[in-house]
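With the numbering used here, letter number 122 in the sequence shown gets 122, and the count goes up by one each step, no holes. Report on the structure given below.
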Amino acid sequence: MKKENLDRTTIKTIAKAAGVSHTTVSRALNDSPLVKPQTKLKIKRLADEMGYIPDINAKGLVSNKAYVVGIYFSRLQSGTSSNFLAESIRQVKKLLADYTLAINGIDLMPNENAMLRNGKPDGALFISQCENDDSYIQHMRDNGVPVVVINRKTKVAGVTNVVPDEYHGVFQAIEYAIRLGHKKFGLIKGTPKFTSTHYREQGFRDAIAKHPEAKVVEQAVIDGNYSRESGFHAMNKILMNSEFPSLVFCSNDETAAGAIKSCQKFGLQVPTDISLMGFDNADYAKFMVPGLTTIYKPVDEITRIGVEQLKDLMEGNSKSDQALKKIVTTELIIRDSVADLR
């Protein structure tokens, strides 16, 4: 249990309590190999018991750092999943524990200059959805801030980039459906300006084009925006056509949830009457009725690699001309929403 103190606990007060020099305490708290493990453990326990909190401002004066990491994302209403944002925050707190987080929605900023209104962060992690973000990414880089972009391929040169392989994920999922005997396909798209929407549709169309026996029912290709509402309304349109597909690929799991609700409205059962697929493998996908066959996007791995790379850049262990371009493999999760038509 931490001791409540009215007076601030400092390195000197810990040193006095431990019977060592303040230099030893400082080294121990920074995991220096110059301090014996037993001594280091004793000092850290004392620091915790005495309620020691590092003075970030003092550290900043010495190191010329702000001890702030910026996380910038597209607004939750327009695509960045709460899971992605939450995992990014968790990874930053784990790997950059001494840093304060400044979390900002890019869409809420009037212009690029607003990003630096309160000073430069020591590093910036962008959870990017569309090309509109690139001007903000470039502005941050031009001002000398280490930048890592996750979730979308950026065109900004020299920026470390970690993204899911959305194209091949969808391609492989559609090929799986074709092997099960599906020949007519529909698609509920994501938000038009988002890069993910393009890659997922391209994987969908290329997989079908590879197989002469399969075709896209173009009347069943409907624009959406990654929301349940758009999935519901898009599926209504598909089911009112004279020809509807045996399988509809939904660009994310939220869309699929709305599409299932539409099927229920029309008195159709999934997958007996029509099959559905999603993308993301959201936490609730396995609890849907039926369990949703979907594509797993490894958010934890993407964010971990991204934050590790940002940490290296901030600590000078990597250079911008050595920018990493990492594509992380997705995985098809097979459940019960796709019928076997063979």
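We put the CB at the ideal spot given by N, CA and C, even for glycine.
Applying the criterion that 16 or more other CB atoms from any shown protein chain within 10 Å of the CB defines a buried residue, is Gln309 buried or exposed? Residue numbering aside, residue 309 sits at position 309 when the sequence shown is read from its first letter. So Gln309 ends up on the buried side.
Determine the extent of the alpha helix (DSSP H) in which Val37 is found, giving its start and end residues. For the purposes of this step, residue 37 is taken as residue 37 along the sequence shown, with counting starting at 1. Here the sequence assigns Pro to residue 37, which means Val is not the residue at that position. Start and end: Pro37 to Glu49.
Top-ranked residue by Cα proximity to Thr294, from Leu324, Leu332 and Asn111: As a position in the sequence shown, residue 294 is number 294, starting the count at 1. When only C-alpha atoms are compared, the closest one is Leu332.
Going by Cα to Cα distance, which pick from Ser242, Gly144, Asn132 and Leu41 is closest to Lys120? The residue you call residue 120 lines up with position 120 of the sequence shown. If we check each option's Cα against that of Lys120, Gly144 comes out closest.
With DSSP as the reference, identify every bridge partner of Val159, one or two as the case may be. In the sequence shown, counting from the first residue as 1, residue 159 sits at position 159. None; Val159 has no bridge partner.
Count the other C-beta atoms from every protein chain shown that fall within 10 angstroms of the C-beta of Met240, then say buried if there are 16 or more, exposed otherwise. Position 240 of the sequence shown, counted from the start, is the residue given in the question as residue 240. It is exposed - the Cβ of Met240 has fewer than 16 other Cβ atoms within 10 Å.
Whose C-alpha, out of Ser32, Ile11, Asn30 and Leu29, is nearest the C-alpha of His22? Here residue 22 corresponds to residue number 22 of the sequence shown, with the count starting at 1. Of Ser32, Ile11, Asn30 and Leu29, the residue nearest in Cα terms is Ile11.
By DSSP, does Ser275 sit in helix, in strand, or in coil? Counting from 1 along the sequence shown, the entry for residue 275 is found at position 275. Correct three-state label for Ser275: strand.
DSSP-derived helix/strand/coil call for Val307: The residue given as residue 307 occupies position 307 in the sequence shown. Here Val307 sits in helix by DSSP.
Does the structure place the segment 204 to 215 close enough to the segment 176 to 195 that three or more beta carbon pairs sit under 8 Å? yes
Which residue wins for smallest C-alpha separation from Lys286, given the options Val248, Ile334 and Phe126? Position 286 of the sequence shown, counting from 1, holds the residue named residue 286. Checking every option, the nearest Cα to that of Lys286 belongs to Ile334.
For Phe204 and Val170, which I take to be in contact (beta-carbon distance under 8 Å), what is that distance rounded to the nearest angstrom? Counting from one through the sequence shown, the residue named residue 204 turns up at place 204. Counting from one through the sequence shown, the residue named residue 170 turns up at place 170. Yes, Phe204 and Val170 are in contact; Cβ-Cβ is about 5 Å, under 8 Å.
Can you give the beta carbon distance from Val149 to Arg141, rounded, assuming they're within the 8 Å contact cut? Translated into positions along the sequence shown, residue 149 becomes position 149. Translated into positions along the sequence shown, residue 141 becomes position 141. Contact flag wrong, Cβ pair sits at about 10 Å.
Let me check understanding here. Comparing Cα to Cα, which of Ser242, Ile274, Glu243 and Ala66 lies closest to Ala256? Against the sequence shown, residue 256 aligns to sequence position 256. The shortest C-alpha separation from Ala256 is found at Ile274.
Rounded separation between Ser128 and Tyr72 - CA only: For this step, residue 128 is matched to residue 128 along the sequence shown. For this step, residue 72 is matched to residue 72 along the sequence shown. About 8 Å.
Buried/exposed call for Glu254, threshold 16 Cβ in 10 Å: Indexing the sequence shown from 1 puts residue 254 at position 254. Buried is the call here.
Can you give the Cα-Cα distance for Lys311 and Ile89, rounded to whole angstroms? Looking up residue 311 in the sequence shown gives position 311. Looking up residue 89 in the sequence shown gives position 89. Roughly 14 Å separates the two Cα atoms.
Between which two residues does the beta strand (DSSP E) harbouring Phe73 extend? One-based indexing of the sequence shown puts residue 73 at position 73. Val68 to Phe73 is the extent of the beta strand (DSSP E) around Phe73.
Who are the near neighbours of Lys349 in its chain, counting only those whose CB is closer than 6 Å to its CB and skipping five residues on each side? Outside the shown range of the chain (1 to 342) lies residue 349, about which nothing can therefore be said.
Which class does Lys184 belong to by DSSP, given the choice of helix, strand or coil? Residue 184 sits at position 184 when you count from the first residue of the sequence shown. Note: Lys184 maps to strand in three-state DSSP.
Under the three-state reduction of DSSP, which class applies to Lys16: helix, strand or coil? The sequence position of residue 16 within the sequence shown is 16, counting from 1. Lys16 falls in the helix class under three-state DSSP.
Per DSSP, which one or two residues make a beta bridge with Asp280? For this step, residue 280 is matched to residue 280 along the sequence shown. Tyr296, per the DSSP bridge assignment.
Considering just the uninterrupted stretch of the beta strand (DSSP E) at Ala102, what are its terminal residues? Translated into positions along the sequence shown, residue 102 becomes position 102. Unbroken beta strand (DSSP E) run through Ala102: Thr100 to Gly105.
Cα-Cα separation, Lys36 to Val92: Here residue 36 is taken as the residue at index 36 of the sequence shown, counted from 1. Here residue 92 is taken as the residue at index 92 of the sequence shown, counted from 1. In a straight line, the C-alpha of Lys36 is about 28 Å away from that of Val92.
Ser196 versus Met277 - alpha carbon distance: One-based indexing of the sequence shown puts residue 196 at position 196. One-based indexing of the sequence shown puts residue 277 at position 277. Straight-line Cα distance between these residues: approximately 16 Å.
May I ask which residues mark the beginning and end of the alpha helix (DSSP H) holding Ala114? Indexing the sequence shown from 1 puts residue 114 at position 114. Looking at the DSSP string, Ala114 is not in any alpha helix (DSSP H), and its letter there is neither H nor E.
Look at the Cβ atom of Ala160, then the Cβ atom of Ala323, and state whether they are nearer than 7 Å. For the purposes of this step, residue 160 is taken as residue 160 along the sequence shown, with counting starting at 1. For the purposes of this step, residue 323 is taken as residue 323 along the sequence shown, with counting starting at 1. The sequence given here has Thr at residue 160, not Ala. In this structure, Ala323 lies closer than 7 Å to Thr160 by Cβ.
Sort Val156, Glu201 and Asn151 by Cα distance to Ile174 and report the nearest one. Within the sequence shown, the letter at position 174 stands for residue 174. Comparing Cα-Cα distances from Ile174 to each of Val156, Glu201 and Asn151, the minimum goes to Glu201.
Rounding to the nearest angstrom, what Cα-Cα distance links Lys16 and Leu29 in this structure? Counted from its first residue, the sequence shown places residue 16 at position 16. Counted from its first residue, the sequence shown places residue 29 at position 29. Looking at the two C-alpha atoms, the distance is approximately 15 Å.
Which of helix, strand or coil DSSP assigns to Leu313: For the purposes of this step, residue 313 is taken as the residue at position 313 of the sequence shown. Three-state DSSP puts Leu313 in a helix.
For the putative contact between Phe84 and Val299, defined by C-beta atoms under 8 Å, what is the C-beta separation to the nearest angstrom? For this step, residue 84 is matched to residue 84 along the sequence shown. For this step, residue 299 is matched to residue 299 along the sequence shown. At roughly 5 Å, the Cβ-Cβ gap stays under 8 Å, so Phe84 and Val299 are in contact.
Drop a sphere of 10 angstroms on the beta-carbon of Asp133, count the other beta-carbons inside from all chains shown, and report buried for 16 or more, exposed for fewer. The count along the sequence shown starts at 1 and reaches residue 133 at position 133. It is buried - the Cβ of Asp133 has at least 16 other Cβ atoms within 10 Å.
One question on the structure: do Pro271 and Ala220 come within less than 7 Å of each other, judged by their Cβ atoms? Position 271 of the sequence shown, counted from the first residue, corresponds to residue 271. Position 220 of the sequence shown, counted from the first residue, corresponds to residue 220. Not closer than 7 Å, so no.
Quick one: what does DSSP say Leu341 is sitting in, helix, strand or coil? The residue given as residue 341 occupies position 341 in the sequence shown. In this structure, Leu341 counts as coil in the three-state DSSP scheme.
Exposed or buried, Asn151, counting other C-beta atoms within 10 Å across all chains shown (16 or more means buried)? Residue numbering aside, residue 151 sits at position 151 when the sequence shown is read from its first letter. That one is buried.
DSSP three-state label for Ile208, please. Translated into the one-based positions of the sequence shown, residue 208 becomes position 208. Of the three classes helix, strand and coil, the one that applies to Ile208 here is helix, per DSSP.
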